[in-house]
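Scroll down for the structure; my scribbles are underneath it.
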Amino acid sequence: MADRIESAPRTQGDARTWLGLGSRPSPLVLGLILLCLILTAIGWHNASTLTDTLARARFSGRTKEISLAIEDRLSTYEMALRGGRAMFAALGQPSRAQWRGYVAKLNIAQHYPGIQGIGYTILVPPSDLRRHEKTVRAEGFPEYAVHPPGRRDIYTAILYLEPFDTRNQKAFGYDMFSEPVRRTAMERARDTGDPAATGRVTLVQETDADVQAGFLLYMPHYEPGVPVFTVEERRAALRGYVYSPFRVNDFMRGVLGKTLPGLGLEIYDGSAATEDALLFRSENHGSLRDSGRTPMFELRREVMTYGRPWTLVFRSLPEFEATVDRSVPRMVLAGGICISLLLALFVQSLLGTRARALSLAEAMTFELRESEARLAAVLENAVDAIFTVGGDGLIRSANAAACRIFGYAQEELVGRNVSLLMAEPFRSQHDGYLARYLRTGEPHVLGKGGREVQGLRKDGSSIPLELTVGGMVIGGENLFTGIVRDVSERAQARQKLEQANAALAKNEQFLKSITNNIPGMVGYWNADLSCGFANDAYLLWIGKPLHEVIGKSLPDLLGPEAFSQYERQVRGVLRGEPQHFERELVNADGDHRHALAHYIPDGEPSDVRGFFVLVNDITELKRAQVQLEERQQRLQADLEAAAEIQRSLLPKEGTCSLGLEWDYRFMPSATIGGDIFNVVCLGPQHTGLYMVDVSGHGVPAALVSVSVAQELSLAGNMLMDTLTQQPRSPETVLRLLDEAFPIERFDKFFSMFYMVYETRGGMLAYCNAGHPAPMLLRSDGRTELLEDGGTLVGMGMGNTYALGRAVIGDGDLLLIYTDGVTELENPDGEQFGEVRLWEVFSECVGWTPQLVLDRTVGTLQAHADGRPPDDDISIMCVRFTAI
Numbered sequence: 001m002a003d004r005i006e007s008a009p010r011t012q013g014d015a016r017t018w019l020g021l022g023s024r025p026s027p028l029v030l031g032l033i034l035l036c037l038i039l040t041a042i043g044w045h046n047a048s049t050l051t052d053t054l055a056r057a058r059f060s061g062r063t064k065e066i067s068l069a070i071e072d073r074l075s076t077y078e079m080a081l082r083g084g085r086a087m088f089a090a091l092g093q094p095s096r097a098q099w100r101g102y103v104a105k106l107n108i109a110q111h112y113p114g115i116q117g118i119g120y121t122i123l124v125p126p127s128d129l130r131r132h133e134k135t136v137r138a139e140g141f142p143e144y145a146v147h148p149p150g151r152r153d154i155y156t157a158i159l160y161l162e163p164f165d166t167r168n169q170k171a172f173g174y175d176m177f178s179e180p181v182r183r184t185a186m187e188r189a190r191d192t193g194d195p196a197a198t199g200r201v202t203l204v205q206e207t208d209a210d211v212q213a214g215f216l217l218y219m220p221h222y223e224p225g226v227p228v229f230t231v232e233e234r235r236a237a238l239r240g241y242v243y244s245p246f247r248v249n250d251f252m253r254g255v256l257g258k259t260l261p262g263l264g265l266e267i268y269d270g271s272a273a274t275e276d277a278l279l280f281r282s283e284n285h286g287s288l289r290d291s292g293r294t295p296m297f298e299l300r301r302e303v304m305t306y307g308r309p310w311t312l313v314f315r316s317l318p319e320f321e322a323t324v325d326r327s328v329p330r331m332v333l334a335g336g337i338c339i340s341l342l343l344a345l346f347v348q349s350l351l352g353t354r355a356r357a358l359s360l361a362e363a364m365t366f367e368l369r370e371s372e373a374r375l376a377a378v379l380e381n382a383v384d385a386i387f388t389v390g391g392d393g394l395i396r397s398a399n400a401a402a403c404r405i406f407g408y409a410q411e412e413l414v415g416r417n418v419s420l421l422m423a424e425p426f427r428s429q430h431d432g433y434l435a436r437y438l439r440t441g442e443p444h445v446l447g448k449g450g451r452e453v454q455g456l457r458k459d460g461s462s463i464p465l466e467l468t469v470g471g472m473v474i475g476g477e478n479l480f481t482g483i484v485r486d487v488s489e490r491a492q493a494r495q496k497l498e499q500a501n502a503a504l505a506k507n508e509q510f511l512k513s514i515t516n517n518i519p520g521m522v523g524y525w526n527a528d529l530s531c532g533f534a535n536d537a538y539l540l541w542i543g544k545p546l547h548e549v550i551g552k553s554l555p556d557l558l559g560p561e562a563f564s565q566y567e568r569q570v571r572g573v574l575r576g577e578p579q580h581f582e583r584e585l586v587n588a589d590g591d592h593r594h595a596l597a598h599y600i601p602d603g604e605p606s607d608v609r610g611f612f613v614l615v616n617d618i619t620e621l622k623r624a625q626v627q628l629e630e631r632q633q634r635l636q637a638d639l640e641a642a643a644e645i646q647r648s649l650l651p652k653e654g655t656c657s658l659g660l661e662w663d664y665r666f667m668p669s670a671t672i673g674g675d676i677f678n679v680v681c682l683g684p685q686h687t688g689l690y691m692v693d694v695s696g697h698g699v700p701a702a703l704v705s706v707s708v709a710q711e712l713s714l715a716g717n718m719l720m721d722t723l724t725q726q727p728r729s730p731e732t733v734l735r736l737l738d739e740a741f742p743i744e745r746f747d748k749f750f751s752m753f754y755m756v757y758e759t760r761g762g763m764l765a766y767c768n769a770g771h772p773a774p775m776l777l778r779s780d781g782r783t784e785l786l787e788d789g790g791t792l793v794g795m796g797m798g799n800t801y802a803l804g805r806a807v808i809g810d811g812d813l814l815l816i817y818t819d820g821v822t823e824l825e826n827p828d829g830e831q832f833g834e835v836r837l838w839e840v841f842s843e844c845v846g847w848t849p850q851l852v853l854d855r856t857v858g859t860l861q862a863h864a865d866g867r868p869p870d871d872d873i874s875i876m877c878v879r880f881t882a883i
């Protein structure tokens with residue numbers, strides 16, 4: 001009688017053992033927990049670091065925006081001061097009403113917030129102090145006096161300051177040289193010629209209420225027409241300053257608005273952030289100081305403010321720090337801890353389950369091994385391959401013969417789908433046959449012995465097989481046995497034949513596919529000139545189908561006359577010499593096409609079996625080349641026309657030489673610019689001379705030059721007053737030209753220098769419209785620049801022009817030139833420059849114009865060192881002689 005053992009009910013302790021939790025955690029579980037916690041800590045640290053990095057980048061970007069806003073605002077104010085200085089250059093000494101009008105048009109309250117005003121301070125020597133005060137009092141300011149009182153080497157009295165409100169009236173007459181901080185900035189501006197800012201000051205305009213730190217910005221004003229190339233020359237030429245005072249709090253409100261969300265800002269004068277150097281502190285910064293807390297971010301930036309460094313200190317405020325998202329690091333930390341615990345619990349459970357499974361498997365293994373040993377004894381002694389296959393198509397067993405025939409080890413077969421051993425189409429159809437049999441019971445090969453199929457070895461080679469399949473059901477599972485016999489010798493001859501035919505067809509199709517898709521004609525001709533191959537494009541040109549071309553002779557296909565055109569190349573390629581040539585082809589439809597042909601020999605020169613023919617249609621390429629040549633010819637014609645126009649406008653020899661000698665050098669650039677110049681007789685006692693530089697290059701600039709030259713000819717009635725028959729004043733001529741050539745009409749503007757020389761009196765009247773200032777070299781070596789005039793001609797702003805005068809002596813030299821001279825670059829990109837030109841010309845006292853120009857052009861060519869000019873180079877030299 002067999003014993004019966006029943007399972008006892010599980011207790012709570014049994015359940016813990018079943019889950020793998022009844023024993024102490026294994027070292028693997030503890031190590032896994034530790035590893036997961038370490039990875040969690042690393043992830044939390046990286047997430048926190050990334051969060052801080054992103055917040056810091058956003059904070060830094062905001063501070064950079066504010067720094068750039070301050071620099072941009074100061075640059076805008078600089079332009080207002082430059083406009084004021086330009087007003088002095090154009091008008092000489094503007095009146096108080098003109099200055100008031102200029103500042104009023106700027107509307108500084110709206111467009112320049114933070115600026116207290118725009119003023120002008122004049123240099124007053126001690127000897128002129130009383131006269132200066134008397135003059136200003138006579139203008140309606142009886143109480144005016146330069147202050148603070150006291151004797152000094154020089155005074156810089158505030159003469160104009162608009163708007164002339166209550167605050168600014170306190171500064172009227174103030175000597176800013178008397179205060180060291182202001183004087184330091186003024187001297188720096190005077191010596192450099194550039195704008196200069198002061199350090200921290202308290203403005204004279206301040207009242208008892210709302211006192212703010214301030215600074216001033218100075219723009220030096222020099223005597224017009226005087227050289228200012230050196231510090232000594234600039235000090236000697238200084239006449240005053242255009243300047244603006246700033247209240248820093250008002251200035252920063254204009255830059256930032258009333259609030260600075262999330263950021264606190266302090267601005268210090270200089271590189272040290274000390275309280276006595278504080279210029280500005282944002283209103284929201286006080287809350288940070290009162291709380292005593294340390295900000296999350298703090299950044300210092302230094303901004304150069306016209307020679308003075310400003311230190312900007314930015315600090316993050318609670319409202320900015322509140323926007324930093326810390327949720328991601330917290331989620332990483334919490335999620336990592338939870339995942340670590342769950343993973344440890346899961347692994348501990350798996351370890352317990354594995355132990356029970358191993359015990360059960362060990363009990364069943366013995367019987368299974370006995371059964372397998374009996375079956376293996378039968379299978380291993382069989383000559384044919386024997387397989388057992390399940391209903392899922394997977395191999396359950398394979399004998400030694402199966403491994404030998406297919407080249408697999410037994411462990412490589414068991415568990416694999418039996419279709420692994422089948423060649424196509426059997427492989428792709430097998431699973432369908434099997435599924436249909438299991439569903440319908442309709443057999444395909446089952447019970448049909450001796451069927452020939454193709455098998456597939458491990459090395460990929462196919463093998464002919466004779467297959468017999470039987471079926472059985474064991475334990476409710478459908479199983480199939482397959483007996484396979486190798487019949488490769490029987491099918492070897494047939495297989496080789498089929499493979500050879502398939503390879504030939506494949507190669508033919510491959511060659512046809514390639515050659516028919518090549519954009520050109522492809523063919524092969526044997527050494528006896530019979531055709532061995534021709535693609536579709538070749539057949540289309542010949543005008544015959546393939547079966548009428550293959551094997552036919554090339555002379556017969558083309559005809560004797562057409563073949564004679566190619567006979568020389570054919571004989572050359574049959575000698576083993578590749579042939580490449582262009583030829584015009586006419587196809588069967590009579591269409592003419594340009595072609596590039598290649599004859600390539602097949603074989604060594606001593607044994608040429610035939611030759612390949614490749615012909616490409618290059619008709620479109622030829623057409624494009626012709627069009628390109630035509631465009632180049634038109635462009636060259638345009639450039640030659642522009643050059644001829646420009647040459648026709650140059651002075652003619654012997655033109656109006658009374659009282660002066662002149663000569664010129666003209667070197668046009670490759671692109672042809674708009675330079676013109678000429679000498680004009682304006683009667684028996686006057687001679688006119690002009691030089692014009694039109695913007696742009698090529699024919700458009702040359703056409704504008706022609707129009708200007710026509711207006712400046714005597715026939716144009718521009719230079720002479722038709723009623724008085726006297727020369728018009730130079731500033732009048734430039735005003736008329738400005739009206740006649742508006743930029744809206746011609747899309748061009750130009751610089752111009754025009755002078756009228758009175759030959760009997762030695763008086764020179766001139767006007768300079770934005771042109772490089774001509775250089776006047778006196779016979780005693782003194783130098784002057786002829787700068788008086790106005791802005792460029794054609795800008796359409798209702799320009800007014802100032803007249804300049806100079807008394808000319810015998811032997812004085814005048815050098816007139818365009819900006820192509822000073823902007824000429826050497827191979828390193830360095831420009832020739834005005835200073836170098838001035839140095840060359842100043843050494844030419846007493847020289848003739850020809851010698852001066854030879855010396856100047858030689859120096860220019862040495863500087864360029866072979867580099868062609870980018871702009872026209874026009875130079876004219878005049879030597880005045882007594883009559």
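Each step along the sequence shown adds one to the number in the UniProt record's numbering, with nothing skipped, and position 389 is 389.
The beta-carbon is built from N, C-alpha and C at its ideal position, and this holds for glycine as well.
Note to self: Once DSSP output is grouped into helix, strand and coil, what is the label at Glu567?
What the structure shows: helix
Notebook entry, point to check: Helix, strand or coil: which one does DSSP assign to Phe177?
Noted result: helix
Notebook entry, point to check: With Leu529 and Leu554 assumed to form a contact (beta carbons below 8 Å), what rounded beta-carbon distance in angstroms separates them?
Noted result: 4 Å
Note to self: Here's a check: name, in chain order, each residue in its chain whose Cβ is nearer than 7 Å to the Cβ of Val204, leaving out the five neighbours to either side.
What the structure shows: Lys170, Ala171 and Tyr174
Item checked: Under the three-state DSSP convention, the category Leu21 falls into -> The predicted position of Leu21 is uncertain, since its pLDDT is 49 and thus under 50; a value taken from the coordinates is nonetheless stated next. The answer is coil: DSSP assigns Leu21 none of H, G, I, E or B.
Next item on the list: Mind checking which residues open and close the beta strand (DSSP E) that includes Trp847?
Entry: Run containing Trp847: none; DSSP gives neither H nor E here.
Next item on the list: Could you round the C-beta distance between Leu299 and Phe314 to whole angstroms and report it? I think they count as a contact, below 8 Å.
Entry: 5 Å
Next item on the list: Check whether the Cβ atoms of Gly659 and Arg778 sit closer than 9 Å, and answer yes or no.
Entry: no
Next item on the list: Below 6 Å CB to CB, which residues in the same chain sit around Asn799 once its five sequence neighbours on both sides are set aside?
Entry: Asp738, Gly790 and Thr791
Margin query: Quick check: Arg396 and Leu479, are their CB atoms within less than 9 Å of each other?
Written below: yes
Notebook entry, point to check: Which class does Gln116 belong to by DSSP, given the choice of helix, strand or coil?
Noted result: coil
Checklist line | Cutoff 6 Å; reference Val694; Cβ partners in own chain excluding five residues on either side | finding: Gly674, Ala701, Val704, Ser705, Lys748 and Phe750
Notebook entry, point to check: What first and last residue would you give for the alpha helix (DSSP H) that runs through Met252?
Noted result: Val248 to Leu256
Next item on the list: Taking the CB atoms as reference points, tell me whether Glu582 and Ile542 lie closer together than 9 Å.
Entry: no
Checklist line | Contact under 9 Å by Cβ, residue 885 with Val573 | finding: The question about residue 885 has no answer here: the residues shown for the chain are numbered 1 through 883.
Check: Does the distance from the CB of Tyr222 to the CB of Met186 come in under 9 Å?
Finding: no
Item checked: Per-residue burial, Ser842 [other beta carbons within 10 Å of its own, 16 or more giving buried] -> exposed
Next item on the list: Could you tell me the distance, in whole angstroms, from the CA atom of Ala527 to the CA atom of Gly576?
Entry: 11 Å
Check: Using a beta-carbon distance below 9 Å, is Gln169 in contact with chain D?
Finding: As a matter of chain content, chain D is missing from the structure shown, which is built from one protein chain.
Notebook entry, point to check: When we look at the beta-carbon of Gly84 and count the other beta-carbons within 10 Å, is it buried (16 or more) or exposed?
Noted result: buried
Next item on the list: Determine the extent of the beta strand (DSSP E) in which Arg879 is found, giving its start and end residues.
Entry: Ile873 to Phe880
Check: Name the DSSP bridge partner or partners of Arg665?
Finding: Ile875
Notebook entry, point to check: What residue does the alpha helix (DSSP H) around Asn168 start on, and which one ends it?
Noted result: Thr166 to Gln169
Next item on the list: Pull up the DSSP beta-bridge partners for Cys681, would you.
Entry: Thr687
Next item on the list: Name the residue from Phe406, Pro545, Gly794 and Lys552 whose alpha carbon lies nearest to the alpha carbon of Ser488.
Entry: Phe406
Checklist line | Residue closest to Asp459, alpha-carbon to alpha-carbon, out of Tyr268, Lys496, Tyr408 and Leu106 | finding: Tyr408
Notebook entry, point to check: Taking C-beta to C-beta, are Val680 and Ser713 nearer than 9 Å?
Noted result: yes
Notebook entry, point to check: For Thr305, which beta-bridge partners are listed by DSSP?
Noted result: Arg308
Notebook entry, point to check: Got a sec, what are the start and stop residues for the alpha helix (DSSP H) Val706 sits in?
Noted result: Gly698 to Glu711
Check: Taking the alpha carbon of Thr294 as the point to measure from, which residue in Thr311, Ser316 and Leu467 has its own alpha carbon closest?
Finding: Ser316
Check: For Asn535, which residues from the same chain have a beta carbon less than 8 Å from its beta carbon, with the 5 sequence-adjacent residues on both sides left out?
Finding: Lys512, Thr515, Asn516, Ile518, Met521, Val522 and Gly523
Next item on the list: Using only alpha-carbon positions, find the residue among Leu860, Gly390 and Leu32 that is nearest to Phe666.
Entry: Leu860
Check: Roughly how many angstroms separate the alpha carbons of Gly225 and Ile66, rounded to a whole number?
Finding: 41 Å
Notebook entry, point to check: Where Leu21 and Ala41 are concerned, what is the direct C-alpha to C-alpha distance, given to the nearest angstrom?
Noted result: The predicted position of Leu21 is uncertain, since its pLDDT is 49 and thus under 50; a value taken from the coordinates is nonetheless stated next. Each residue's Cα considered, the two are about 27 Å apart.
Next item on the list: Measure the C-alpha to C-alpha separation of Ser282 and Ala213 and round it to an integer number of angstroms.
Entry: 13 Å
Next item on the list: Within its chain, find whatever has a CB closer than 6 Å to the CB of Ala189; leave out the 5 residues flanking it on each side and keep chain order.
Entry: Ala196, Tyr218 and Pro220
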